[in-house]
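First up is the structure itself, then whatever we jot down about it.
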Amino acid sequence: MRAQNVLKELAVELTGEQPPRGNWSPSRDLLRELTAERLATARNCGPHTMREIIDWAQGCGVTIKLVIPPGSSLSQMWAELVANASAGALTSEEIAGALQRSIRRKSVRIPIAFQVILVKILLSSVE
Numbered sequence: 002m003r004a005q006n007v008l009k010e011l012a013v014e015l016t017g018e019q020p021p022r023g024n025w026s027p028s029r030d031l032l033r034e035l036t037a038e039r040l041a042t043a044r045n046c047g048p049h050t051m052r053e054i055i056d057w058a059q060g061c062g063v064t065i066k067l068v069i070p071p072g073s074s075l076s077q078m079w080a081e082l083v084a085n086a087s088a089g090a091l092t093s094e095e096i097a098g099a100l101q102r103s104i105r106r107k108s109v110r111i112p113i114a115f116q117v118i119l120v121k122i123l124l125s126s127v128e
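Residue numbers 2 to 128, in our numbering, belong to the letters of the sequence shown in order.
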């Protein structure tokens with residue numbers, strides 16, 4: 002039910018569609034418009050709800066690629082990103098996804114190791 006409510010709100014924002022009260026199935030157009038980033042910042046869309054929506058879309062033949070897997074704690078997420086950066090495998094999508102997830106969870110703590118990575122990235126793009 003929560004996934005359906007999140008999709009109803011997103012339908013209005015993304016496609017202008019006005020879903021009816023009660024049971025409703027999202028259109029394929031709406032499912033194609035969804036991104037993991039959009040779900041991560043949607044109101045009332047936590048990791049469990051995000052997984053339900055992604056599974057629902059998959060059942061309709063639409064794949065929504067996850068940048069950061071839901072369900073892990075923020076500290077696990079930051080540790081994975083620092084490890085990816087150390088291996089030279091950190092993507093801008095991962096950075097954006099992590100920051101969006103952190104914002105959505107209203108976290109004010111970004112680990113120092115990740116802050117150092119961000120500074121290096123920002124300085125290298127300026128030069």
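From the three backbone atoms N, C-alpha and C, an ideal C-beta is built for every residue, glycine too.
ask   = What residue does the alpha helix (DSSP H) around isoleucine 55 start on, and which one ends it?
value = 48-60
ask   = What did DSSP end up calling methionine 78 once you bin it into helix, strand or coil?
value = helix
task = Closer than 7 angstroms by C-beta to glutamine 101: which residues in its own chain qualify, once you throw out the five before and the five after it? Chain order, please.
result = The answer, listed in chain order, is Glu38, Ala41, Thr42.
query = Any chance the region 4-17 sits against the region 46-64, with 3 or more Cβ pairs inside 8 angstroms?
reply = yes
key: CA nearest to the CA of glycine 62, picked from Arg29, Leu11, Pro21   = Arg29
ask   = According to DSSP, is lysine 107 helix, strand or coil?
value = coil
query = Closest by CA to phenylalanine 115, which one among Leu91, Ser108, Leu123, Val83?
reply = Val83
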